[in-house]
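Everything below concerns the one structure shown next.
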Amino acid sequence: MLLGFARALRTAGLPVTADRERAFLRAAAEVGAGNRAAVYWAGRCTLTAAPADLGPYDQIFTSWFGGESLDAITHREMPRVSTVQAALTDGGTSAEDVTDQTLRAAASEVEVLRRRDVAGLAPGERAALQRLFATLRPCPPTRPARRRTPTPAGELDGRASLRAQLRGLGEPTRLRHRRRRTRPRRVVLLVDVSGSMSAYSDALLRLAHAVVRAAPRTTEAFTLGTRLTHVTRALRQRDPDRALLDAGASVPDWSGGTRLGETLGAFLDRWGRRGLARQAVVVVFSDGWERHGPELLGEQVRRLHRIAHRVIWVNPHRGKAGYRPVQQGMVAALPYVDEFVAGHSLATFEDLLDLVARA
Amino acid sequence: MNPDEAFSSPDALADALAETGYLAEPGLVTVTWLAHRLQRPVLLEGEPGTGKTALAEAVAELTGRPLIRLQCYEGIDATQALYDWDFPRQILHLRTVEALAAGESRDADALEAELFDERFLLARPVLRALRESPCVLLVDEIDRADDEFEAFLLEVLSTWQVTVPEIGTVTAQRPPFVVLTSNRTRDLHDALKRRCLYHWIDHPSLERELAIVRSRLPDVDVALAEQVVAVVQALRGEAALVKPPGVAETLDWARALVALRASRLDVELAARTLGTAVKYREDTERVRQVLDRMLG
């Protein structure tokens, strides 16, 4: 019965492995399996690993031990996504028939597609663009770390030099040097998925998926709208379509209203201040359209600027000819933004990735 | 109190902790008791100021064992945590031997054994914990260290022995009671979490916080304690502060008021002593509103 409870938790998505199950059984044996409250705490300390797990744990505990008997564990089916391969050129041409000219035409088609605005694509072109996302090569930005590593020349390493001297009976020998290592710097992506950004949401999330896959442990992604949703776990999957499906399932406010300032504030309070955004490169994808007045948005971007290493604001409309930031939310946020760039086509996404890598 | 008595049952442990002044929730008591019985470390996560470090101190006090503290920071490595050799002293020893025994030949092995002797070994917290067992080892703010250090710590926590190549293997007779604390600035490695018993410490309820204040500061006026706790609970719950005050801040505020010999908390006194509880300038405006509403 206890094992069934642990399995039910695993189906719900908690990271329950075999050794955790064993630990839970031992702990339950120690406290006495008849004591409901003690079993609750024994399970909580061995089977959960983060505050986010506590909600599902409580629900499953009350449904499992609450007096109602469950006959079967319902498994959640992973959605099977079949990707349809569409040919870039018209079907029917075999390899030998493809001439130089066709190849060149195809290459320039791809080039044009890269520069086209995502919002204005037809569905067939959209599918072609989605495959091109696989060609993106995001590179995580780096920062100097505290650990040092031996090098032939550089800063003097006192301890290693002394240790080497010991081998020579205390005679001064060759000096040892060391330098600082580099580590990847954290990248935080905040994607606005409200109604005004709905034409770009899909492309931006695919971009976020590419960035998360390039550096899964040091990249975090959130969606902003009327709520703040943490989508990193969904985006860590390898298949982009499945990742987007999972992310879409977890975001409740697609194409809804805009409470940009509030959700940004919620991000800073719950995640950013704790350390997720500290000394990180934060990229905000939004058009700055804020219904509730620009002061809150300006204040939150100011807070973000204070703790982040770089704040990069990506506005899909920036790349369009004749764009001027007159919209009030954008105007309030601009003074605290380090880089204000365009983000409407694959080419601009590549430039953005370059910027992030050099940040 | 005898450690075996204190850990005989969760209720006995709760009483023993209360005697030292640490009032714990039943869940935390159960987890601590389980950790002692199963000989696993406790991983405590929670907001700053909720008493994570205080638990280790309370357990050390109630069992009468030494508390050994390892403060983690970014870039900490095994040398800082485990042991190091005092190279300058070793070199001096060599020179001394050389100078005194000029002409005579010395046995090389004996000289080497002298050189890597106990007196040149700088035992850092983890090695000290293994040697002075049974004890309480507090690994504070493990989230500030990096992945390599976590891997090293995991190895030590699993096997409870350390090999110093020149001296030999040091094994703990009884594994120490280990408390790891984390502020959740980053996610810890799953392997380390699996090894530990995990507990999230929340801010306490109004009654419990009042009991904590009265237990730690016996000479505080009851009505004053009630006022302070009510204000702090309101600040935590309603005002969207950048940094909500924790139990540690409540105790500091109460101590400050006791030092000022206040018997009642009013708006002016609160404004003067606000620095003990609220630490961000952006919060002062919202705090003023709450104070005006509750005390004005």
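Going down the list, the sequences are from chains A and B. Count along the first sequence from 1, add 402, and you get the number used in our numbering. Count along the second sequence from 1, add 234, and you get the number used in our numbering. Note that CB positions come from ideal geometry on N, CA and C, so glycine has one too.
Whole-angstrom distance between residue j and residue i, CA atom to CA atom
i              : j              : result
A429 (chain A) : A645 (chain A) : 36 Å
V396 (chain B) : V404 (chain B) : 5 Å
L388 (chain B) : W443 (chain A) : 24 Å
Q467 (chain B) : L698 (chain A) : 26 Å
P696 (chain A) : A735 (chain A) : 8 Å
V483 (chain A) : D643 (chain A) : Unreliable placement is indicated for V483 (chain A), whose pLDDT of 39 sits below 50; the coordinate value is still reported in the next sentence. Spanning the two alpha carbons is a distance of roughly 7 Å.
E384 (chain B) : R362 (chain B) : 19 Å
A488 (chain A) : G745 (chain A) : With a pLDDT of only 44 at A488 (chain A), under 50, the local geometry of the prediction cannot be trusted, and the value read off the model is given with reservation. The straight-line gap from Cα to Cα measures roughly 26 Å.
D517 (chain B) : F624 (chain A) : 26 Å
H369 (chain A) : S657 (chain A) : Residue 369 (chain A) lies beyond the stretch modelled for chain A, which goes from 403 to 761, so this question has no answer here.
R561 (chain A) : F321 (chain B) : 8 Å
V512 (chain A) : F751 (chain A) : 15 Å
Q407 (chain B) : I435 (chain B) : 31 Å
D455 (chain B) : R619 (chain A) : 51 Å
R442 (chain B) : A410 (chain A) : 34 Å
I401 (chain B) : A347 (chain B) : 9 Å
L606 (chain A) : R585 (chain A) : 26 Å
A507 (chain A) : T544 (chain A) : 39 Å
L414 (chain B) : E519 (chain B) : 36 Å
A749 (chain A) : V520 (chain A) : 11 Å
V331 (chain B) : A761 (chain A) : 56 Å
D278 (chain B) : L355 (chain B) : The question names Asp, but residue 278 (chain B) is Leu in the sequence shown. Rounded to the nearest angstrom, the two C-alpha atoms are 32 Å apart.
L272 (chain B) : A408 (chain A) : 19 Å
R448 (chain B) : E352 (chain B) : 47 Å
A617 (chain A) : Q532 (chain A) : 20 Å
P554 (chain A) : G674 (chain A) : 39 Å
A344 (chain B) : D421 (chain B) : 49 Å
Inter-residue CB distance, residue i and residue j (contact presumed, cutoff 8 Å)
i              : j              : result
V716 (chain A) : L706 (chain A) : Wrong, their Cβ atoms sit about 14 Å apart, outside the cutoff.
R360 (chain B) : A315 (chain B) : The question names Arg, but residue 360 (chain B) in the sequence shown is Val. Yes, V360 (chain B) and A315 (chain B) are in contact; Cβ-Cβ is about 5 Å, under 8 Å.
P478 (chain B) : R470 (chain B) : 4 Å
P763 (chain A) : A414 (chain A) : The structure shown has nothing for residue 763 (chain A), since chain A only spans 403 to 761.
L515 (chain A) : L534 (chain A) : 7 Å
T665 (chain A) : S598 (chain A) : Going by Cβ atoms, the distance from T665 (chain A) to S598 (chain A) rounds to 14 Å, so no, they are not a contact pair.
R578 (chain A) : P546 (chain A) : At roughly 20 Å, the Cβ-Cβ gap does not stay under 8 Å, so R578 (chain A) and P546 (chain A) are not in contact.
E308 (chain B) : R378 (chain B) : 6 Å
Run of the beta strand (DSSP E) containing residue i, from where it starts to where it stops
i              : result
P552 (chain A) : 544-553
V476 (chain B) : Element bounds for V476 (chain B): n/a, residue is neither H nor E.
P371 (chain B) : Looking at the sequence shown, residue 371 (chain B) is not Pro but Leu. Here the beta strand (DSSP E) through L371 (chain B) covers 370-374.
L571 (chain A) : Element bounds for L571 (chain A): n/a, residue is neither H nor E.
L626 (chain A) : 621-626
F687 (chain A) : 683-687
DSSP-derived helix/strand/coil call for residue i
i              : result
H437 (chain B) : coil
L357 (chain B) : First, the amino acid is wrong: residue 357 (chain B) is Ala here, not Leu. Note: A357 (chain B) maps to strand in three-state DSSP.
T491 (chain A) : Caution applies to T491 (chain A), whose pLDDT of 44 falls short of 50 and renders its modelled position unreliable; the model cannot decide the point.
V589 (chain A) : strand
Y514 (chain B) : coil
A496 (chain B) : coil
R635 (chain A) : helix
D641 (chain A) : coil
V390 (chain B) : helix
T484 (chain B) : helix
E366 (chain B) : coil
R583 (chain A) : strand
E519 (chain B) : helix
E384 (chain B) : helix
L630 (chain A) : coil
L577 (chain A) : coil
E791 (chain A) : The question about residue 791 (chain A) has no answer, for chain A in this structure spans 403 to 761.
Limits of the unbroken alpha helix (DSSP H) element including residue i
i              : result
G700 (chain A) : 696-709
W443 (chain A) : 438-449
D604 (chain A) : 600-616
T464 (chain A) : 453-467
L405 (chain A) : 404-413
D238 (chain B) : 237-240
V463 (chain B) : 456-471
F426 (chain A) : 420-433
T665 (chain A) : 662-669
E215 (chain B) : Because chain B is modelled from 235 through 530, residue 215 (chain B) falls outside the range shown and cannot be assessed.
L503 (chain B) : 501-506
Give, in chain order, every unbroken run of the alpha helix (DSSP H) that is at least 4 residues long and sits entirely within the region 250-328 of chain B. 260-272, 286-297, 312-315
Can you list, in chain order, the stretches of the alpha helix (DSSP H) that have 4 or more residues and sit fully within the region 701-755 of chain A? 730-735
Got a sec: which bits of the region 319-332 of chain B sit with their beta carbon under 9 Å from any beta carbon on chain E, in order along the chain? The structure shown contains no chain E; the protein chains it does contain are A and B.
Report the start-end ranges of each beta strand (DSSP E) in the region 395-448 of chain B that is 3 residues or longer and not cut off at the edges. 395-398, 402-405, 411-416, 431-435
Alpha helix (DSSP H) runs contained entirely in the region 509-538 of chain A, provided each spans 4 or more residues: 525-534
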